[in-house]
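A.B. asks: Protein chains in written order, with UniProt numbering: chain A, 1 to 271; chain B, 1 to 271.
Would you mind keeping the following structure in view while I ask a few things?
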């Protein structure tokens, strides 16, 4: 009955329903209007996210989301040759993977055929469920990774591993910035929205501790930035919560002596 | 793919994704395991909730929720002859309405037939969609209304209406307590779980301000109590998040050189 807004991403999405989280804030803003669905996968990069696509967004669902946020890159940007190397994805692959995700969401079967070579063994299964159109009307927002505070990452590693913590950073702000640019470019190229979180956060003095809890993940203030930026885009995309109808009558519209009246309006019963 | 936990109730449910909210805390606890679906309707009593039942819980959905919280009563307990009179539902009707909700969720068509007389004009529509079984395995938790702080309610009314605020309370803690007892009794009678929030909160000194923001709605501390009590029941009911599998491999199980391996396990692909 209601539209769905899917939050697809890594740990920064998975944790978005913690205290002060941006996902919970969206769910609150869209209460009685749209369902906010959490699809966050801690530690995932875009390469691994591809394996989830046809499960999370089955092309023949008949009820695709009205909007999806795609929020990867913090793990893709982990440096090769450092402790988080296994999560590393090259910038070119990161862009290509984002394209595949967007194509799958917007175009369905035609798009799927372009990336069959990536997961050949899933080909049959995907073909069986694919349709020609997935959801050309879905609003898509690519979110760049947040900036990285290398000092914060090191302090966090030391808190876990003490003196055994690797001295060399596993992520740098500079390299993550390159992924952020790649994300914004890809969004432009594909004609979808983007939030340049990496740049936005660094506009504020003291972003390192104000917005980041461990040099990478978000504080409540950091979550508030994501929420504000995503809401701005949703408003621009015609998905303003203020302009969406309530799913059922507001209680003040219900006549206590004849409650049926409010519920019999075509609007509610036709759905 | 994932199970759903539906939160069905009035404003205290609708607001449960605000900062520190119990709904958001549940969504966080079940991230990657179950979807927490917000179905809160501010101002609604159990009588009006009945009109939503077949929309929110269609008996033929094929994928009924694994658990539902039913959290009404704060409005039913509004006093007759006072400012919120239109929301008032008698205790007997409150119990009967809770029974109808539980019957609908647990039994489907057979139960529906028992309450057709309530909404005769919807009868045909309901009959068309009803099946013999809705979800006999769904776990149901009835939650009593929280206690009422009459002083807090009055201060809130004064903040809105100044000296025009009605002197007589529209809700009293004593009367709400009778609804809470009725809720617990009904749960026992129907063999479903309950949380006696009204009693639980009053075990703590200063509950009036610690748990209630305006004498009726919940502070973050009040939300924490709801969360803790609901989680206790879910754990008892075999729905402990700790014991539920992740929907997809944990990132540490993914071999960077052969990511397909982790995703090809029957467990993930068979769904």
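All C-beta atoms in this analysis are idealised placements derived from N, C-alpha and C, irrespective of residue type, glycine included.
Which residue's Cα is closest to the Cα of residue 265(A): 51(B), 237(B) and 27(B)?
C.D. replies: Counting from 1 along the first chain, the entry for residue 265(A) is found at position 265. When each option's Cα is compared against that of residue 265(A), the closest is 51(B).
A.B. asks: Just grab the DSSP bridge partners of residue 18(B) for me.
C.D. replies: Against the second chain, residue 18(B) aligns to sequence position 18. In the DSSP output, where bridge partners are listed per residue, residue 18(B) has none listed.
A.B. asks: Run the CB neighbour count on residue 7(A), radius 10 Å, all protein chains shown included, and call it buried at 16 or more, exposed below.
C.D. replies: Here residue 7(A) corresponds to residue number 7 of the first chain, with the count starting at 1. Label assigned to residue 7(A): buried.
A.B. asks: With a CB to CB cut of under 7 Å and the five nearest residues on each side skipped, what residues in its chain are close to residue 205(B)?
C.D. replies: One-based indexing of the second chain puts residue 205(B) at position 205. Once the five neighbours on either side are set aside, residue 205(B) has no close Cβ partner at all.
A.B. asks: Are the stretch 186-196 of chain A and the stretch 166-177 of chain A touching by the rule of at least three beta carbon pairs closer than 8 Å?
C.D. replies: Verdict: no, contact absent.
A.B. asks: Given that a residue counts as buried once 16 or more other Cβ atoms are within 10 Å of its Cβ, and exposed if not, what is residue 270(B)?
C.D. replies: Locating residue 270(B) in the second chain gives position 270, where the first residue counts as 1. At residue 270(B), the pLDDT of 36 sits below 50, so the modelled position is not reliable and the matter cannot be decided from this model.
A.B. asks: Got a sec: is the Cβ-Cβ distance from residue 254(A) to anything in chain B below 7 Å?
C.D. replies: Along the first chain, read from residue 1 onward, the residue named residue 254(A) stands at position 254. Chain B contact via Cβ: present.
A.B. asks: Using the C-alpha atoms, what's the distance from residue 93(A) back to residue 258(B)?
C.D. replies: The residue labelled residue 258(B) in the question sits at position 258 within the second chain. The residue labelled residue 93(A) in the question sits at position 93 within the first chain. Approximately 16 Å, taken between the alpha carbons.
A.B. asks: Quick check on residue 44(B): buried or exposed, where buried means 16 or more other Cβ atoms within 10 Å of its Cβ?
C.D. replies: Position 44 of the second chain, counted from the first residue, corresponds to residue 44(B). Counting Cβ neighbours within 10 Å, residue 44(B) comes out buried, since at least 16 surround it.
A.B. asks: Please report whether the beta-carbon of residue 263(A) lies at a distance below 7 Å from any beta-carbon of chain B.
C.D. replies: Residue mapping note: residue 263(A) aligns to position 263 of the first chain, counting from 1. So, interface residue.
A.B. asks: Any C-beta of chain A sitting closer than 7 Å to the C-beta of residue 38(B)?
C.D. replies: Position 38 of the second chain holds residue 38(B). Output row for residue 38(B): interface = yes.
A.B. asks: Against chain B, with Cβ distances strictly below 7 Å, would residue 251(A) count as a contact?
C.D. replies: Residue mapping note: residue 251(A) aligns to position 251 of the first chain, counting from 1. It does: the Cβ of residue 251(A) has a partner Cβ on chain B nearer than 7 Å.
A.B. asks: Just to check my reading of the structure: residue 142(A) and residue 98(A) have Cβ atoms closer than 8 Å, yes? What is that Cβ distance to the nearest angstrom?
C.D. replies: In the first chain, counting from the first residue as 1, residue 142(A) sits at position 142. In the first chain, counting from the first residue as 1, residue 98(A) sits at position 98. Right, the Cβ-Cβ distance comes to about 6 Å (below 8 Å), so this counts as a contact.
A.B. asks: Please state the DSSP three-state secondary structure of residue 39(A).
C.D. replies: Locating residue 39(A) in the first chain gives position 39, counting from the first residue. Here residue 39(A) sits in strand by DSSP.
A.B. asks: List, in order along the chain, the chain A residues whose C-beta lies closer than 7 Å to that of residue 52(B)?
C.D. replies: Position 52 of the second chain, counting from 1, holds the residue named residue 52(B). Within 7 Å Cβ-Cβ: 248.
A.B. asks: For residue 148(A), name the three-state secondary structure that DSSP assigns.
C.D. replies: Position 148 of the first chain, counted from the start, is the residue given in the question as residue 148(A). DSSP places residue 148(A) in coil when its eight states are reduced to three.
A.B. asks: For residue 122(A), which residues of its own chain have a beta-carbon under 6 Å away from its beta-carbon, when the five flanking residues on both sides are left out?
C.D. replies: By one-based count along the first chain, residue 122(A) stands at place 122. With a pLDDT of 49 at residue 122(A), under the threshold of 50, the modelled position of this residue cannot be trusted; read the value that follows with caution. Excluding positions up to five away in sequence, the list is empty.
A.B. asks: Alpha helix (DSSP H) containing residue 231(A): first to last residue?
C.D. replies: The sequence position of residue 231(A) within the first chain is 231, counting from 1. From DSSP, the alpha helix (DSSP H) with residue 231(A) extends over 220-236.
A.B. asks: In whole angstroms, what separates the C-alpha of residue 248(A) from that of residue 25(A)?
C.D. replies: For the purposes of this step, residue 248(A) is taken as the residue at position 248 of the first chain. For the purposes of this step, residue 25(A) is taken as the residue at position 25 of the first chain. Taking the straight line joining both Cα atoms gives about 21 Å.
A.B. asks: Are the beta-carbon atoms belonging to residue 179(A) and residue 73(A) less than 7 Å from one another?
C.D. replies: The sequence position of residue 179(A) within the first chain is 179, counting from 1. The sequence position of residue 73(A) within the first chain is 73, counting from 1. Their beta carbons are under 7 Å apart, which means residue 179(A) touches residue 73(A) by this criterion.
A.B. asks: Look up residue 9(B) in the DSSP assignment and say whether it is helix, strand or coil.
C.D. replies: On the second chain, position 9 is the one that residue 9(B) refers to. Strand, per DSSP.
A.B. asks: Assuming residue 146(A) contacts residue 197(A) under a Cβ cut-off of 8 Å, what Cβ separation, rounded to an integer in Å, is found between them?
C.D. replies: In the first chain, counting from the first residue as 1, residue 146(A) sits at position 146. In the first chain, counting from the first residue as 1, residue 197(A) sits at position 197. Rounded, the Cβ-Cβ distance is 5 Å, consistent with contact.
A.B. asks: Give every residue of the same chain whose Cβ lies closer than 7 Å to the Cβ of residue 138(A), excluding the five residues on either side of it in the sequence, and list them in chain order.
C.D. replies: Translated into positions along the first chain, residue 138(A) becomes position 138. The answer, listed in chain order, is 64, 65, 66, 67, 68, 105 and 106.
A.B. asks: In chain order, what residues of the stretch 13-28 of chain A put their CB closer than 8 Å to some CB of chain B?
C.D. replies: Going along the stretch 13-28 of chain A in chain order, one finds 14, 15, 17, 18, 19, 20, 21, 23, 24, 25, 27 and 28 with a Cβ nearer than 8 Å to chain B.
A.B. asks: Check the C-beta distance from residue 91(A) over to residue 53(A) and give it rounded, since I have them as a contact under 8 Å.
C.D. replies: Along the first chain, read from residue 1 onward, the residue named residue 91(A) stands at position 91. Along the first chain, read from residue 1 onward, the residue named residue 53(A) stands at position 53. That pair is no contact at about 20 Å.
A.B. asks: Hey, is the stretch 29-40 of chain A in contact with the stretch 232-248 of chain A, meaning 3+ C-beta pairs nearer than 8 Å?
C.D. replies: Touching, per the Cβ criterion.
A.B. asks: On a Cα-Cα basis, can you pick out the residue from 195(B), 251(B) and 182(B) that is closest to residue 76(B)?
C.D. replies: The residue labelled residue 76(B) in the question sits at position 76 within the second chain. Nearest option by C-alpha distance: 182(B).
A.B. asks: Rounded to a whole number of angstroms, what is the C-alpha to C-alpha distance between residue 260(B) and residue 140(A)?
C.D. replies: Indexing the second chain from 1 puts residue 260(B) at position 260. Indexing the first chain from 1 puts residue 140(A) at position 140. Rounded to the nearest angstrom, the two C-alpha atoms are 26 Å apart.
A.B. asks: What number of angstroms, rounded off, separates the C-alpha of residue 82(A) from the C-alpha of residue 19(B)?
C.D. replies: Here residue 82(A) refers to the residue found at position 82 when the first chain is read from its first residue. Here residue 19(B) refers to the residue found at position 19 when the second chain is read from its first residue. Whole-angstrom Cα-Cα distance: 37 Å.
A.B. asks: Could you name the residues of the same chain whose beta carbon sits closer than 6 Å to that of residue 135(A), not counting the 5 residues immediately before and after it, in chain order?
C.D. replies: Working through the first chain from its first residue, we reach residue 135(A) at position 135. Within the same chain, residue 135(A) has close Cβ partners 64.
A.B. asks: Is it buried or exposed for residue 252(A), if we count other Cβ within 10 angstroms and need 16 for buried?
C.D. replies: Here residue 252(A) corresponds to residue number 252 of the first chain, with the count starting at 1. Classification of residue 252(A): exposed, given that the 10 Å Cβ count is below 16.
A.B. asks: To the nearest angstrom, report how far apart residue 12(A) and residue 88(B) are at their CA atoms.
C.D. replies: Here residue 12(A) is taken as the residue at index 12 of the first chain, counted from 1. Here residue 88(B) is taken as the residue at index 88 of the second chain, counted from 1. Near 44 Å, if we compare the C-alpha coordinates of residue 88(B) and residue 12(A).
A.B. asks: Taking residue 10(A) as the reference, which of 219(A), 71(A), 211(A) and 191(A) has the closest Cα?
C.D. replies: Locating residue 10(A) in the first chain gives position 10, where the first residue counts as 1. Of 219(A), 71(A), 211(A) and 191(A), the residue nearest in Cα terms is 71(A).
A.B. asks: Nearest chain B C-beta to residue 44(A) closer than 7 Å, yes or no?
C.D. replies: Translated into positions along the first chain, residue 44(A) becomes position 44. Yes, contact with chain B.
A.B. asks: Could you tell me which chain B residues have their CB closer than 7 Å to the CB of residue 31(A), listed as they occur along the chain?
C.D. replies: In the first chain, residue 31(A) corresponds to position 31, counting from 1. Within 7 Å Cβ-Cβ: 14, 17, 38 and 40.
A.B. asks: Given a threshold of 16 other Cβ atoms within 10 Å of its Cβ, counted over all protein chains shown, does residue 245(A) qualify as buried or as exposed?
C.D. replies: On the first chain, position 245 is the one that residue 245(A) refers to. The residue is exposed, with fewer than 16 neighbouring Cβ atoms inside 10 Å.
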